[in-house]
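I have placed the structure first, in the form of structure tokens, so that the comments after it can refer back to it.
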Amino acid sequence: EYKTGGTVDTGAPVIPIDLRKIVIDLPVGADVGTISDMSRLFGFPFEQISRNDISRYLVKDDVKQAFKRTLEAQGYDVVGGEGLVFEEEFDDEYLRAEYLVGAKITSIEANLCAQQSGTLLSTISGGSGIKGKIFIAVDWTVYNRLERKTVFSGSSEGFVDRDTPNREGVSLILTDAFEMAAYNLGKSQEFRELLSYTDDGYSSMTDITEVEESGMDMHGGIEPFYAPVSISDRSLSTTPLPSQMDYLKHSTVMVSAGAGHGSGFFIDQNMILTNHHVVGAAKRVRITFPDKKGSVTGYVITFDAKRDVALIKLDITSLESIPTYVPPMRTEWPNVGETVFVIGTPRMASLEGTLTEGIVSANRRDFKYGYRQNYIQADVTIHGGNSGGPLFDANGNVIGIAVAGFDPTGHSIDTGLNLFIPIGEALDALGIS
């Protein structure tokens, strides 16, 4: 029966998913059913429904909402929503999705009837439009964007018999049939097990609603049993940065959440600092090491959205074969005119480990960029993808975190007007001593 059957254990966290792609995979020129005009005798003549007809009536936004509605009713976490209005809301929401779902419609059988307005039949039945039956078969694929591989393939079917005519009848019946196929997917034991978290490191993570109820400051997020982090106090370097590049390139990583990426850097052997806007609402992210030596899953254990910083924790056992380096951090403000460097992954993943050089242009205290906060301004070149990466002084000590740049041209070019979060304030915002 529809709307009955197995559900996800709502007491356990589930992996966020996004229905990313819907395609109709039917032979070119294929007929998928018939539609009859009931204003004529016995509905004759019957007309064939083609693959192109179905493509025209498949409203993908409606189908995605139907998928979300039925899967969430079974306890799954599907990203997106009708309540989202602003682009920033969509960006933040879709960063949460760890698995992408693809739906390939492989078979459709339709038997539809059209009732014209003003006819005796439409008067008796109380409406005009299209009614009828549609059967649909869907092949599903689930892609793990953290591990970059397909983790599930399966099929399900849906059938709907709508006996009330509607002017959007074909679209409504098709959407209902897809929703039933999605529901049957959700009942699959393999699918339920796939989307249930089993990692103990994650299962203790809190939900935003729990943070709200706890009365915590809502510009930050935290584990229920999160303890303030203490990191080792490393002596400042006095060696010029260029001669340290073999070490420093292993201090930075690429952080991937959603379709994009940012940068980050080690502040301890298993702790990485980055921007909050890089991870968004994601609770797990993909960490890629320099020279593509490997990648692991990182857990976002705390963040401060206002100061735009986030802390990621890694499984220390997964780092044993990967060279990493924890640079010293200089918490006092730099002098205007000091030489500074940035290492990160601008624009494309293939540009990881890019080094750029500039000077400190100004120390901006109580500067209004969103909120009024303190920033280091520098002309060192950064682009999208550098966000969350380290700003080094001339001796390879971290003094800030790349966060934003001004682009009055609107062409995504670097203008040399770039802002960095002072490292001391980043640590303070996350309770790191």
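Counted from 1, the sequence shown has number 385 at position 284 by this note's numbering; the numbering is strictly sequential.
Cβ atoms here follow ideal geometry from the backbone N, Cα and C, with glycine treated the same way.
At which residues does the alpha helix (DSSP H) containing residue i begin and terminate?
i    : result
I116 : Unbroken run through I116: none, as it is neither H nor E.
A527 : 524-530
L349 : 346-349
Within 10 angstroms of the Cβ of residue i, are there 16 or more other Cβ atoms? Answer buried if so, exposed if not.
i    : result
K250 : exposed
N519 : buried
V461 : buried
Y472 : exposed
P128 : exposed
D494 : buried
F507 : exposed
T276 : buried
N153 : exposed
N436 : exposed
T340 : exposed
D264 : exposed
D119 : buried
D409 : buried
T353 : buried
M281 : buried
Residue i by DSSP, collapsed to three states: which one?
i    : result
N496 : coil
F390 : coil
T375 : strand
E258 : strand
D154 : helix
R170 : helix
N487 : coil
I332 : coil
G176 : coil
Y195 : helix
K250 : strand
D132 : strand
T310 : With a pLDDT of only 32 at T310, under the threshold of 50, the placement of this residue in the model should not be trusted; the figure read from the coordinates follows. Three-state result, T310: helix.
V504 : strand
A406 : coil
D163 : helix
L520 : strand
G302 : Its pLDDT being 38, under 50, G302 is placed unreliably in this model, and the coordinates cannot settle the point.
L221 : Only weak support is given to the placement of L221: the predicted model assigns it a pLDDT of 47, under 50, and the value that follows is read from those uncertain coordinates. Residue state, collapsed to three classes: helix.
What residue range does the beta strand (DSSP E) around residue i cover?
i    : result
V239 : 230-245
M355 : 353-358
Y284 : No beta strand (DSSP E) contains Y284, which is instead part of the alpha helix (DSSP H) from 270-287.
E210 : 200-216
E458 : 455-470
F292 : Element bounds for F292: not the beta strand (DSSP E) but the alpha helix (DSSP H), 290-295.
G381 : From DSSP, G381 is part of no beta strand (DSSP E); its letter is neither H nor E.
I92  : Past the edges of the chain, shown from 102 to 534, lies residue 92, and the structure says nothing about it.
Is there a C-beta anywhere in chain D that falls below 9 Å from the one on residue i?
i    : result
R263 : No chain D appears in the structure shown, which is made up of a single protein chain.
Which partner residues of residue i appear in the DSSP bridge assignment?
i    : result
I413 : I373, V401
T339 : In the DSSP output, where bridge partners are listed per residue, T339 has none listed.
S542 : Outside the shown range of the chain (102 to 534) lies residue 542, about which nothing can therefore be said.
K122 : G203
D138 : A215
S364 : M355
N267 : I231
R473 : K469
A479 : V461, N519
E148 : I136
M449 : Bridge partners of M449: none, in fact.
I'd like to know if the region 200-211 and the region 362-374 are in contact, where contact means that at least 3 CB-CB pairs between them fall below 8 Å. With a cut-off of 8 Å, the region 362-374 and the region 200-211 do not count as touching, because too few Cβ pairs lie within range.
Contact between the region 330-347 and the region 379-388 (3+ Cβ pairs under 8 Å): They do not touch, by the three-pair rule.
Can we say the region 488-503 touches the region 520-528, given the rule of at least three CB pairs closer than 8 Å? Taking one beta carbon from each stretch, the region 488-503 and the region 520-528 have 3 or more pairs nearer than 8 Å; the two touch.
Assess, as a yes-or-no matter, whether the region 478-488 is touched by the region 449-466 under the definition of 3 or more beta carbon pairs within less than 8 Å. Cβ pair count under 8 Å is three or more, so yes.
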